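Take a look at the structure set out below.
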Amino acid sequence: DEDLPLARKRSLQRFLERRKERLIPAVPY
Amino acid sequence: KSVAVFNQETLQQRLQALIDGARESWTYAIFWQSSYDYPDGSVLGWGDGYYKGEEDKGKGKAKVVTSAAEQAHRKKVLRDLNSLISGSAAGPDDAVDEEVTDTEWFFLVSMTQSFVNGVGLPSQAFFDSTPIWISGADRLSASACERARQGKVFGLQTMVCIPSPNGVVEMGSTELIHRTSDLMNKVKILFNFNNLETS
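Each protein sequence line maps, in turn, to chains A and B. Okay, so the first sequence: first residue is 660 according to our numbering, each after it adds one. Okay, so the second sequence: first residue is 25 according to our numbering, each after it adds one.
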């Protein structure tokens, strides 16, 4: 984990979060 | 070092503004940042990126034409990265187990890349201080730059590299997009860090 430069780690985190949002849209109540 | 105080959060917002505010349908934007650890910023490395994906034109999800083995490999890498980021062991995750599209993979692989001394599409734009705009799959295939050829292989039809004082904004699309001065101007305004962030 520490070997992953901060900029890439943040970008990767955002990419994975957005991917989850894209693929599994929130179900409205 | 006197140049810009770099702010990662606003960098992300700028990339997002560039893509979400465009009339054209861009798939991703990346900021390749010049490194101050090398003389004259001769190395361009990953600064940040924003992946939007392809337009869903009512045809469902993006077409994935990779082999089962390639998909298995991509999913494994994504699972490993997911557990690396979340700090927990890889477990079942619906999103991670969805097929990884070509452009998603291209974007992910880009995070591992850097460009040196004018070699490669972003680096060439930076060193010549000239935007590069390649539209058309054939033109990408015929490019001398490996990144452009790679982009075509992963389904891109348009790739653009626009230099700024501290790096290069690269944008790619699976659509055919012709050169516009509008985009150049937007990059000029949004990515001129010298004027905006030294305070």
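Note that CB positions come from ideal geometry on N, CA and C, so glycine has one too. Being a predicted model, the structure only gives us computed values, none of them experimental.
| Check | Outcome |
| --- | --- |
| Sorted by chain position, which residues of the same chain lie with C-beta nearer than 8 Å to Q148/B's C-beta, five sequence neighbours on each side aside? | G142, I156, C169 and C185 |
| Check distances from the C-beta atoms of the stretch 172 to 202 of chain B to those of chain A and list, in chain order, the residues that come in under 9 Å. | none |
| Give the single residue among L207/B, M195/B, G111/B and E122/B whose Cα lies nearest to the Cα of K100/B. | E122/B |
| Less than 8 Å between C-beta atoms, sequence neighbours within five positions excluded: which residues of the same chain meet that for L39/B? | A53, I54, F55, D72, G73, Y74 and V193 |
| I'd like to know if N141/B contacts chain A, where contact means its C-beta is closer than 9 Å to some C-beta of that chain. | no |
| Tell me the DSSP bridge mates of T72/B? | The sequence given here has Asp at residue 72/B, not Thr. F55/B. |
| I'd like to know whether the C-beta atoms of A150/B and G191/B end up nearer to each other than 9 Å. | Residue identity check: residue 150/B is Phe in the sequence provided, not Ala. Yes, Cβ-Cβ distance for F150/B and G191/B is below 9 Å. |
| Is I186/B helix, strand or coil when you go by DSSP? | strand |
| Within a Cβ cutoff of 6 Å, which residues of the same chain sit near F21/B, ignoring the five residues on either side of it in sequence? | The requested residue 21/B does not occur in the structure, where chain B is confined to residues 25 to 223. |
| Measuring alpha carbon to alpha carbon, tell me which of W50/B, S58/B and P187/B ends up nearest F139/B. | S58/B |
| Using the Cα positions of L675/A and I683/A, report the straight-line distance between them to the nearest angstrom. | 12 Å |
| How far does the alpha helix (DSSP H) with F139/B in it reach, from first residue to last? | Note, F139/B: premise wrong, no alpha helix (DSSP H); beta strand (DSSP E) at S138 to V140. |
| Determine the burial state of T136/B: buried for a count of at least 16 other Cβ atoms within 10 Å of its Cβ, exposed for fewer. | exposed |
| Do you know how far the Cα of V211/B is from the Cα of L42/B? | 8 Å |
| Nearest-angstrom Cα distance between L108/B and V133/B? | 16 Å |
| For V177/B, count neighbouring C-beta atoms within 10 Å of its own C-beta (all shown protein chains included) and say buried if the count is 16 or more, exposed if not. | exposed |
| Within 10 angstroms of its Cβ, does N106/B collect 16 or more other Cβ (buried), or is it exposed? | buried |
| If you measure from the beta carbon of Q36/B to each beta carbon in chain A, is any gap under 9 Å? | yes |
| Which of helix, strand or coil does DSSP assign to G175/B? | helix |
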